[in-house]
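This report concerns only the one structure given below.
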Amino acid sequence: MCGIVGIFDLKEKREINRDLLHVMNESQFHRGPDEGGLHIESGLGFGHRRLSIIDLSHGQQPMHSADGNVVLTYNGEVYNFPELRKELEGLGYNFKTHCDTEVIVYAWQAWGEDCVLRLRGMFAFAIWDRDKQTLFLARDRLGIKPLFYSELKNGQFIFSSELKALKEHPELSKEIDPTAIEEYFGFGYIPDPKTIYKDVYKLEPGYCLSLKRGQKTYQPRQYWDVKFSSIHQGTEQELGEELISRLREAVDIRTVADVPLGAFLSGGVDSSAIVAMMAGLTPEPVNTCSISFGDPKFNEAQFAAKVAERYHTAHRVEQVDPEDFSLIDQLAGIYDEPYADSSALPTYRVCELAKKQATVVLSGDGGDENLAGYRRHRWHTYEDRMRSLMPDGIRMPLFGLAGQIYPKADWAPKIFRAKSTLESIGRSSVEGYFHSVSVQSNELRNRLFSEQLKSDLQGYQAVEVFKRYLKNAPTEDALSMVQYLDMKTYLPGDILTKVDRASMAHSLEVRVPLLDHQLVEWMAGLNPDMKLRAREGKYIFKKSLENHLPNDILYRPKMGFSVPLGSWFKGPLKDKVNDALLGESMQQCGLFDQAFLNKMVSQHQSGLRDYSAPIWSLLMFERFLSKAL
């Protein structure tokens, strides 16, 4: 993995400030500690930090074509580069290295913008074509690798792998976008293409962007989208066998590396499946690592150990304790903008642990999105069936009122906690799903936000993110619809962001076989019944793995990679919560209703309400403010 950065003069060929480009590039040193390079010419500057994985002695960047007309700065891995290289050699291109970087250079010269359609892997890159006077940027189909950009008032276009590099530019506007605040407290992250800043954007997954000097307008172009359609025929056994075969191949092409290789092993289905496939492909024991918790409700270490024992892996475990709360300042620095997934903490630790054994690790991320593994997928299909039984004019007011009246009983057994379900059924399908995934409900955000912030929002609500994607959704099936939404929002905005920043903080490359785009396309073509059957998510995946993993791994309740925030905030971290949320920075920012903020903290610590997720989101926002202001 690597870090990329660039400055492009949209108006003329003004000199690029080498010192500034160097500072921007070095801010991402952690992404590529092995080597760094700059390329500067009239009106253009590229920077690159390299983490060497393949062809360690070559592949330095920015890389030039043999004729000198094309320059590339690239972050990622293209797994089919040997096949592409052979094809390009047949077209007359000569190669000096054995790395995938050079393949992209000549793929651009051979096929232009269509080169992205031929790349199988994870990537974010920028190409400068001097003959065409064109700057071309692209991001991989699923959003595994990040790419930020902004157009400055001085006419420069800047881009980078992380927001921190752009923030080094003195001309960058750091005006906070109120709609991004609304989206953050709705989702727990800021979905693409927005960032916390008004004039800074993320290039969305499956998009590319072409710019020419003197061009007044430009627009990102989508080159790929996942299509849900029940096209695969066959028996359950046949489909299961093909799924395993495709997964094994996706794992196999991701085990190519000239550095030590390993895998994350949480003890869940997806990571265990990856380890099972790796064990059959590598002659040496697989290096695996896990995180444990002192609280048994959150601890999966014993299940990870069981898989490790079955496949004779070289396994390491470390425990996360409340003292790890001290990481919150580091996390704020890693993510550069508010980010509220508390599993970022154990993810940081597991990456730290993995780096002791390996430079490249495989992860099981993506299985839940592709194969309907989340509990919310099951509940959404149930709620959608309920919605279909009653006209909107009757259902919405009836269930809406029931949801309002029903008490919020966080302290009660789950069977009595029906408030959220009633509220969801009283909404439209898309609004109901947003209600189920939101970190803070519409009602809670309305009470939390100050009158000034609500005025700045002008009625904007975070659910608009979902509505935007649904306009072009390639399915009408209820389950496939929410899978699609997750793949457009939660997957790149939360899961992949978390893993990219945490791994790169430790100069660790993470590869995700379950997000191989060919495998994703095949899984999207399965009948929804093969993914969610009765109460069992990832149905066909689990059935196909029965010969590889024990049933207590496959069919136990999903735990997720979470931390015991609720007890931490009432116990060892109580004072730290009070100091952060009730302190000066939150009072002076003018974004929150201080009385309600006090009430939220008090009710959580007394045990009356569970506000653990909202409190964590506020803590991370406060840390962002403390660094940004």
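When we follow the numbering used here, the leftmost residue of the sequence shown carries the number 3, and every step to the right adds one.
Where is the CB? At the ideal position from N, CA and C, for every residue including glycine.
Model, not experiment: these values are computed from the prediction.
Contact check between the region 181-196 and the region 120-130: fewer than three CB pairs, one atom from each, fall below 8 Å, which does not count as touching.
The residues SER232, ALA374, ASP479, LEU481, SER482, in chain order, have a CB closer than 8 Å to that of PRO530 in the same chain once the five nearest residues on each side in sequence are set aside. Residue environment for GLY539: buried (at least 16 other C-beta atoms within 10 angstroms of its C-beta).
Per DSSP, the beta bridge partners of PHE266 are CYS291.
Between the C-alpha atoms of TYR209 and GLY145 there is a straight-line separation of about 9 Å. When the alpha-carbon of GLY188 is set against those of ASN19, GLY236, TRP113, VAL439, the nearest one is in VAL439. Residue environment for TYR613: buried (at least 16 other C-beta atoms within 10 angstroms of its C-beta). Under the three-state reduction of DSSP output, ASP11 falls in the strand class. In the DSSP annotation of this structure, the continuous segment of the beta strand (DSSP E) that includes THR75 starts and ends at 72-80.
If you draw a 10 Å sphere on the C-beta of GLU453, you find fewer than 16 other C-beta atoms in it, and that means exposed. Bounds of the beta strand (DSSP E) holding HIS41 are 37-43.
Note: ALA167 is not bridge-paired with any residue in the DSSP secondary-structure output. Look at LYS490 here: in three-state DSSP terms it is helix.
Between the region 263-273 and the region 356-369 there are three or more C-beta pairs closer than 8 Å, enough to call the two in contact.
Residue burial is scored here from C-beta neighbours: GLN485 has at least 16 other C-beta atoms within 10 angstroms and is therefore classed as buried. For ILE330, the closest alpha carbon among the candidates TYR350, ARG122, GLU43, GLU302 is that of TYR350.
For the set THR136, SER162, LYS601, the Cα lying nearest the Cα of TYR151 is the one of SER162. Around the CB of PRO298, fewer than 16 other CB atoms lie within 10 Å, so the residue is classed as exposed. Contact annotation: LEU528 and ALA252 have beta-carbon atoms that are not nearer than 7 Å. By the criterion of a C-beta distance shorter than 6 Å, THR219 is surrounded by no residue of its chain, once the five residues flanking it on both sides are discounted. By the C-beta criterion, the region 566-586 is judged to be in contact with the region 599-618, since at least 3 inter-stretch pairs fall below 8 Å. Taking a C-beta distance under 7 Å as the contact criterion, LYS576 and GLN596 do not qualify as a contact pair.
Residue pairing from DSSP leaves TRP381 without any beta-bridge partner. The Cβ atoms of ALA342 and SER628 do not sit closer than 7 Å to each other.
Distances from the alpha-carbon of ASN474 to those of ASN19, GLY45, TRP226, GLY5 put TRP226 closest. Counting along the chain, GLN239 sits inside the alpha helix (DSSP H) bounded by residues 238-254. Ranked by Cα distance from GLU115, the first of VAL322, ALA167, GLN224, GLU164 is GLN224. Assignment of HIS32 by DSSP, reduced to helix, strand and coil, places it in the helix class.
Setting aside the 5 residues that flank it on each side, LEU498 is surrounded in the same chain by GLY145, ILE146, each with a C-beta closer than 6 Å to its C-beta; the list follows chain order. Annotation note: the region 61-135 contains the following uninterrupted beta strand (DSSP E) runs of length 3 or greater, listed N- to C-terminal: 72-80, 123-131.
Here DSSP, grouped into helix, strand and coil, assigns HIS437 to helix. According to the DSSP assignment, ALA536 belongs to no alpha helix (DSSP H), since it is labelled neither H nor E. Contact check for VAL73 and VAL105: beta-carbon distance about 15 Å, past the 8 Å limit, so the pair fails to qualify. From the listed residues LEU547, GLU548, LYS533, the smallest Cα separation to TYR541 is found for LYS533. The alpha-carbon of HIS234 is positioned some 19 Å away from that of ARG250. In the DSSP annotation of this structure, the continuous segment of the alpha helix (DSSP H) that includes TYR337 starts and ends at 330-337.
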